[in-house]
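**Q** Encoded as structure tokens, here's the structure I'll be asking about.
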Amino acid sequence: MASSVEKAAGAPKAELHVHIEGTLEPELIFQLAQRNEVQLPWASIQTLRQAYSFSSLQSFLDIYHVATRVLVTERDFADLARAYVERAQADKVIHAEIFFDPQTHMERGVALETIVAGLEQGLKEGDEFGFSSRLIMCFLRHLPESKALETLEQALPLFSHYPHRLIGVGLDSTEIGIPPRTFERVFAAARRAGIEVVAHAGEEGPAEYVWDALDALQVSRVDHGVASSEDDDLVDRLVREQIPLTVCPLSNLRLKVVEDMKQHPIRSLLERGVKVMVNSDDPAYFGGYVNDNYAAIINSLNLSGPQVFQLLSNSLEACFMPAEWKRNALSALTNYWHGT
Ligand code: HPA
Ligand code: ZN
């Protein structure tokens, strides 16, 4: 019989927490730097890889934002999206809800239209061979809310132009010291426009930030949210309201949110009934794509077959696709899992 790791690897699944800029592999960074004549602070792919030894979220973000400077043209964003689709399909991802950070590119003079048109081009090719995808535009938490409001205003016509692709807004970047409520107005404006809302909270920051994302931003899904495990009242609420947490195990290990994968809270959250699932966050930086994340927790936390199945089905249930799509995807997973 196949091991749980192999069985999970072959199972249809959704990925709901992946930053497209975090899928930028070192080889592509150097290729695009050459194509666009962008100077990088690293002499070679090897020195860049050596810099991937992180002590915190900020130590990662400092490199991540510099590497994104190689993304300039529509073609670059299309190449990036195409490379992710290919990699995700190899892991049997059938649907992905993909974050992008427009402000980091717009600060360098790249137009929002260029970013979205390029990503759309790459993702559209995925549609043609059955890979479903949506985009979630993130606001950078280290910039003021006024900038997020300007970005949302500029993006609204694009939400209308790409309704099949651009469906949500999120909140990412530096967390500590910046509670989600700081972005209350921009999230209210997005909700009024009928846009889905999610936010990173409780990654490095405390459980209060998860409360804050739920109460002030009224998110329907929390990204990371692992700090919730320290607050029983919060866990009760997440279970009662069936709020999904998009957990990223290898990211948490690499950014020192957990010291050891054996101490990762995903198993206890799952056992307490929270709708958690497994995602890769920034796979080019954290040592693996979604199946590597499944393998890491299955091995370190000794997950049972039914627990792995629950994680996979949570990924399909927690996505923003229509009910009929979810029913079909869940039945494909069930048939695969039970071998019919
Ligand atoms: N946290 C916050 N911001 C991010 C992350 C993350 O894990 N990845 C990319 N931007
Ligand atoms: Zn993230």
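Numbering (this note's numbering), first residue to last: 421 to 760.
Each residue gets a CB set at the ideal place from its N, CA and C atoms; glycine is no exception.
Every value quoted in this text rests on a predicted model; they were computed, and no experiment measured them.
On the CB-based measure, 16 or more other CB atoms within 10 Å of its CB, does residue 715 come out buried or exposed?
**A** Residue 715 comes out buried.
**Q** I'd like the span of the beta strand (DSSP E) that includes residue 684, first residue to last.
**A** Unbroken run through residue 684: none, as it is neither H nor E.
**Q** Considering only the alpha carbon of each residue, which of 615, 601, 710 lies closest to residue 510?
**A** When only C-alpha atoms are compared, the closest one is 710.
**Q** For residue 682, I'd like the list of residues in its chain whose CB is within less than 8 Å of its CB, leaving aside the five on either flank, ordered along the chain.
**A** 720, 721.
**Q** Just to confirm, are residue 557 and residue 575 a CB contact at a threshold of 7 Å?
**A** Yes; because the gap between Cβ atoms is below 7 Å, this pair is in contact.
**Q** State the Cα-Cα distance for the pair residue 648 and residue 456, rounded to the nearest angstrom.
**A** Answer to the nearest angstrom: the Cα atoms are 43 Å apart.
**Q** Specify the secondary structure class of residue 602 as computed by DSSP and reduced to three states.
**A** Reduced to three states, the DSSP call for residue 602 is helix.
**Q** What is the DSSP secondary structure of residue 445, counted as helix, strand or coil?
**A** If DSSP states are grouped into helix, strand and coil, residue 445 belongs with coil.
**Q** Output the distance between the C-alpha atoms of residue 459 and residue 543, rounded to the nearest integer angstrom.
**A** Their Cα atoms are separated by approximately 28 Å.
**Q** So, with DSSP's three-state summary, where would you put residue 567?
**A** DSSP places residue 567 in helix when its eight states are reduced to three.
**Q** Check whether the Cβ of residue 656 sits closer than 6 Å to any heavy atom of the ligand ZN, and report yes or no.
**A** It does not: the Cβ of residue 656 is nowhere closer than 6 Å to a heavy atom of the ligand ZN.
**Q** The alpha helix (DSSP H) with residue 712 in it runs from where to where?
**A** Note, residue 712: alpha helix (DSSP H), 710–721.
**Q** Quick check: does the Cβ of residue 482 come within less than 6 Å of any heavy atom belonging to the ligand ZN?
**A** No, the ligand ZN has no heavy atom inside 6 Å of this Cβ.
**Q** Which whole runs of the alpha helix (DSSP H) in the segment 486–559 are 4 residues long or more, in chain order?
**A** You should have 494–510, 522–526, 532–548.
**Q** So is the beta-carbon of residue 485 under 6 Å away from any non-hydrogen atom of the ligand HPA?
**A** No, the ligand HPA has no heavy atom inside 6 Å of this Cβ.
**Q** Quick test of your reading: residue 677 and residue 731, contact by CB under 8 Å. State the CB separation rounded to the nearest angstrom.
**A** About 19 Å separates the two Cβ atoms, so there is no contact after all.
**Q** Report yes if the C-beta of residue 701 is less than 6 Å from at least one heavy atom of the ligand ZN; otherwise report no.
**A** Correct: residue 701 has its Cβ closer than 6 Å to the ligand ZN.
**Q** For residue 426, report the span of its alpha helix (DSSP H) as first-last.
**A** Start and end: 424–430.
**Q** Between which two residues does the alpha helix (DSSP H) harbouring residue 633 extend?
**A** It spans 627–635 - the alpha helix (DSSP H) in which residue 633 sits, taken as one unbroken run.
**Q** In three-state DSSP terms, what is residue 433?
**A** Of the three classes helix, strand and coil, the one that applies to residue 433 here is strand, per DSSP.
**Q** By DSSP's criteria, residue 696 is part of a beta bridge. Which residues make up the other side?
**A** Answer is 665, bridged to residue 696.
**Q** Whose C-alpha, out of 740, 428, 481, is nearest the C-alpha of residue 615?
**A** Selected option, being the one with the closest Cα: 740.
**Q** What's the call for residue 418, buried or exposed, on a 16-neighbour Cβ count within 10 Å?
**A** Examination of residue 418 is not possible in this model, given that the chain is present from 421 through 760 alone.
**Q** Would the beta-carbon of residue 494 fall within 7 Å of that of residue 537?
**A** In contact: residue 494 and residue 537 (Cβ atoms closer than 7 Å).
**Q** Indicate the three-state DSSP secondary structure (helix, strand or coil) for residue 645 in the structure shown.
**A** The answer is coil: DSSP assigns residue 645 none of H, G, I, E or B.
**Q** Kindly list the residues whose CB is nearer than 8 Å to the CB of residue 471, restricted to its own chain and excluding five residues on each side of it in sequence; keep chain order.
**A** Within the same chain, residue 471 has close Cβ partners 462, 483.
**Q** Are the beta-carbon atoms of residue 424 and residue 717 separated by less than 7 Å?
**A** In this structure, residue 717 does not lie closer than 7 Å to residue 424 by Cβ.
**Q** For residue 438, name the three-state secondary structure that DSSP assigns.
**A** Note: residue 438 maps to strand in three-state DSSP.
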